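Undergrad:
Numbering (the working numbering), first residue to last: 920 to 989.
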């Protein structure tokens, strides 16, 4: 997960619709979730920008809203 001003590295291309990609998909999901929780758990990160109009706290609130609908 990148903070505003950072760039993400381009990695290999894989087909998420294929069952053979499941291990890679789960790895990416776990790593992303871990970075997300590290980001939102630290009080000093709460007001960091993640985009032009959003801060970490906005992203956290958005994710809670999205997950509540699942």
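Where is the CB? At the ideal position from N, CA and C, for every residue including glycine.
Everything numeric in this text was worked out from a predicted model, so none of it was measured.
Assuming residue 975 and residue 958 make a contact with CB atoms under 8 Å, what is their CB distance in whole Å?
TA: Confirmed, Cβ separation roughly 6 Å.
Undergrad: Excluding the five sequence neighbours on either side, which residues of its own chain have a C-beta within less than 7 Å of the C-beta of residue 989, listed in chain order?
TA: Excluding sequence neighbours, residue 989 sits near nothing in its chain.
Undergrad: With a 10 Å radius around its C-beta and 16 neighbouring C-beta atoms as the bar for buried, classify residue 969 as buried or exposed.
TA: Answer is buried; the Cβ neighbour count reaches 16.
Undergrad: In terms of residue numbering, what span does the alpha helix (DSSP H) encompassing residue 956 cover?
TA: Here the alpha helix (DSSP H) through residue 956 covers 941 to 960.
Undergrad: Taking the Cβ atom as the reference point for each residue, do residue 935 and residue 945 lie within a distance shorter than 7 Å?
TA: Not a contact, by the Cβ cut-off of 7 Å.
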